[in-house]
Every structure is written in C-alpha cells, then in structure tokens.
Amino acid sequence: MSLFARRTVLSSAFALAFATLTGTALAADPIKIGLVTALSGQSALSGEAITRGLQLAIDEVNAKGGLLGGRKLELVRRDDEANPAKGVTAARELIFKEKVAVLFGGLDTPVSMAIVPLVNQEKVPFMGPWAAGTPITKNGANPNYAFRVSAVDEVVDKAMLQYAQKTFKSAKPGMILVNNPWGESNEKGLKAALAEKGVTVAGVEKFEANDLDMVPQLTRLKAAGADSLFLVANVGPSAQVVKSLDRMGWKVPVVSHWGPAGGRFTELAGPSAKDVHFVQTYSFFGKQSPVGERVIKSLMAKYPAIKGPGDITPAVGVANAYDGMHLAALAIAQAGSTDGDAVRQGFYKIASYDGLIKKYATPFSAANHDALGVDDYVWAQFIDDRILPVGVTVN
C-alpha cells in the first residue's frame, strides 16, 4: 500500500472515530429545561413548589432513559424577583446562553406577558405552570409558542361568580383588584361573567401591589352595597386587603383568585386569612389517584421536610409543573428533536396523558393552548396554615 493510501485510510479511520465520539457526545448532551420564576421574596415558596414539580417529573423521565435516544433532562433556573424586566433578562439568558428546549414561566402574569413576545420571536416553546392571565396563551401570535397547565383568568372569573352565588348567595359583588395586567385581565373577565348572568357589580376598586391600606377602596364598596368581594392579587397585597377589612370590622365573604396560596399568606394576613376562599387546580388531601399516591411518596422521599400532604404547598405549583413537564417531554418525544417549531407541533400530537391533575385527552390544539378547564378547579381555604379544600377537615 502506498504512503498516500495509508494516510487516506488512517484519515478515514480518524474521521470515523471522531464522528462516532462526537455523535456519542451529542447523544449524551442534556436537554435543558428553563425556569424563570420568583425564587426570592414573598412568593418564593411558590417558586420552590414549581421547581419541585418540575424536578420530580424530570427525575421520572430520566429514570426511564431520558429522551431522544438517551439524553437526560436538566433543569436550569433563574430568579425573576417578580419583576417583568428581570424576567425578560433571565429568559434571554436561558434561551441564548443555555439553549433551553422549553422555557417554563413562573408566578406573575406581568412577567409572563413580558416574556411571551420573546419566545414567539425566538421560536422557543413556553409552558406556564402558574400565571393565569388570559392573554398569555391568547396572545394573537401565529404561530403561538405559549402553552399552559394552570388556571385561566376568563375561566376562573366565571367560576368565582358561580361560587359566590352558590356559596354566599351573592347578588351584588364588588371587585378589589391589583392595578396591573393581571388585575386588568380579571376585571375584563369578571365583567363579562357578570354581564352573562345579568348580575350588577357594586363597584370596581384598584390598589397598587405595595399599598398597605385599602380601607378607602373597601369603604366605597361597602357603601355601594357589596355583599361579597372578588379579590385578585398575590400574597402580600391580598393580606393587606384582609387586614384592612379587619380594621373596618367588615365581615364580608371574600372569593379570591389563587394569589393567597402563593406564600406566607396566613403569617401576613393574620387569623382572618381562613375566611378567604380561593381557587386551586389540585389538592393532595383526600383520596388520591395512583399518580397522586406515587407523587406524594416520591416527594416525601426526595424532600425530607415533607411528611405528608400538608407539607406539599402550594399544591398547585407542584401539580401544574409536574403535569406541564411531562406534557413537554411528550411533545419533545413527538417532535423527535429539540427544534422549537417541531416541539410546538409536538404538543398538538399528544393524544393522551394520565396525569396528576387529570387524564388528559388531546390537551392542546392550534386553537387551544390551555390544558385545564373550569371542571378542573377546586375551592380551598387556609386552615391552620394548611391549604384544604373547603369543607374538608384534617386532624
């Protein structure tokens, strides 16, 4: 064999070996899943709940061999501090530097709404496990990369009215809403729900997220004859509404979106925290499905501080993130790659998934990017610092 021929053979052998090693390395590269959420401040507990739900689902997928020929999933988190600008900065880092295949959003509607234009522009699938603002998924983009396993304001608003009428015989509710895009989303949804049922609103009052006294707004609602209050705000301001009601001595039913469930509500609101009834998508109390039993057992094994259902809080953060992650994994598997547009279309190809919250049947379509509906909600309250379904008592 000539020197040239030997060199050619050796070069081919090295090339084949390099390609094999490179292919193996690529196959072993993790598929990164991003999370932008509040990991500090009053809502940090909720950010941790989302993290735990995601990590539990990721562990399950990885234990079965990962995705796309053995690639493991890896969670990469960033703290948005409940600030839209910081949320966008964090999302950009996860998209451009970490190259995440799917980006999970967090708690706050304003943060998610700031991120959605970016993910649509960069063709990165976005999954919302908490923020409920209707325009997050109904954002007008085509194609639309925003999906959600969570409550949806326009659906929750109908449920809030239904619950107030049925439970408290409310005929003239008032609204007390945070003055931000989440409050605006619910004002629109509540007004539509009231109009549909022919119910007159006593009034609509707004407050800033850092306000400490809502007595003036509540006084106007009381004078207008409000017989119940629809509350929309996260932990801190919701607690200030309750404390303002206490200062007034006004005992009025409060039907809330799920903001109070996001953190230290009982600590901040005091004894009257238990009087607020709020919506949830899941509870670990009561009889569980086989999936629920497995999740509780896994959480107790992975996080020693969890001794039972009462320690899995807020439950919706864990449950929504857990189901959302499994659905995202199915979408990646359907896509056969981590290409953003292929994964987006992969969500539409999911026929069924036996999840924690429910058994999903075709959870997403081009016309519907929200996997949960009104029949998937439960109503809850704080009893002894634990979130329990209304009417349920636990010793």
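Residues 10 to 404 in the working numbering are what the sequence shown spells out, letter by letter. Don't be surprised by glycine CBs; every beta carbon is placed ideally from N, CA and C. Computed from a prediction, not measured in an experiment: that's the story for all the values here.
Does the separation of the CB atoms of Ile42 and Leu63 fall below 8 Å?
yes
Taking just the CA atoms, how far does Met184 sit from Val224?
14 Å
Give every residue of the same chain whose Cβ lies closer than 8 Å to the Cβ of Ala370, excluding the five residues on either side of it in the sequence, and list them in chain order.
Ala360 and Ser361
Span of the beta strand (DSSP E) around Trp407:
Outside the shown range of the chain, which is 10 to 404, sits residue 407, and nothing can be said about it.
Decide if Arg87 is buried, meaning its Cβ has at least 16 other Cβ atoms within 10 Å, or exposed.
By the neighbour-count criterion, in which a residue is buried when 16 or more other Cβ atoms sit within 10 angstroms of its Cβ, Arg87 is buried.
Considering only the beta carbon of each residue, do Ala270 and Gln289 sit closer than 8 Å?
yes
What are the uninterrupted segments assigned as beta strand (DSSP E) that are 3 or more residues long and contained completely in the stretch 131-191, given in chain order?
Entirely contained in the stretch 131-191, the beta strand (DSSP E) runs reaching 3 residues are, in chain order, 135-137, 155-157 and 182-187.
Indicate the three-state DSSP secondary structure (helix, strand or coil) for Glu217 in the structure shown.
Glu217: coil per DSSP, three-state reduction.
Using the Cβ count rule (16 or more neighbours within 10 Å means buried), how would you classify Val263?
It counts as buried.
Go through its chain and collect everything with a Cβ distance to Lys252's Cβ below 7 Å, but skip five positions before and after it.
Ala278 and Gly279
Return helix, strand or coil for Arg256, following the three-state DSSP convention.
Arg256 falls in the helix class under three-state DSSP.
To which residues of the same chain is Ala168 closer than 8 Å at the C-beta, ignoring the five residues directly before and after it?
Val288, Val383 and Tyr386
Comparing C-alpha positions only, which one of Ala110, Glu107, Ala140 and Gly74 sits nearest to Ser52?
The residue with the shortest Cα to Cα distance from Ser52 is Ala140.
To which residues of the same chain is Thr283 closer than 7 Å at the C-beta, ignoring the five residues directly before and after it?
Note on residue identity: the sequence assigns Lys, not Thr, to residue 283. Around Lys283: Gln390, Phe391 and Ile392.
Would Gly79 pass as an interface residue toward chain B - the criterion being a Cβ-Cβ separation below 8 Å?
No chain B appears in this structure, which consists of one protein chain only.
Backbone secondary structure at Thr209 - three-state DSSP:
Looking at Thr209 - three-state DSSP - the assignment turns out to be coil, as it is neither helix nor strand.
Roughly how many angstroms lie between the CA atoms of Phe135 and Ala324, to the nearest whole one?
21 Å
What are the start and end residues of the beta strand (DSSP E) that includes Phe113?
Val111 to Phe113
How about the stretch 110-129 and the stretch 294-304: do they share at least three Cβ pairs that are nearer than 8 Å?
No, the stretch 110-129 is not in contact with the stretch 294-304.
The beta strand (DSSP E) enclosing Lys368, as first and last residue numbers
Lys368 to Ala370
Proximity to Thr275 [Cα-Cα], best of Ala233, Pro246, Val133 and Gly400:
Closest option to Thr275, Cα to Cα, is Pro246.
Since Ala47 contacts Gly137 with CB under 8 Å, what's their CB separation in whole angstroms?
Actually they are not in contact, since the Cβ atoms of Ala47 and Gly137 sit about 14 Å apart, beyond 8 Å.
Is any heavy atom in the ligand ATP found nearer than 7 Å to the beta carbon of Ala141?
For the structure depicted, the ligand ATP is absent and the ligand set is empty, with no information on it obtainable.
Around the Cβ of Pro119, are there at least 16 other Cβ atoms within 10 angstroms (buried) or fewer (exposed)?
buried
Can you name the residues that DSSP bridges to Arg229?
For Arg229, which the question treats as bridged, DSSP gives no partner whatsoever.
Secondary structure at Phe373, three-state DSSP: helix, strand or coil?
coil
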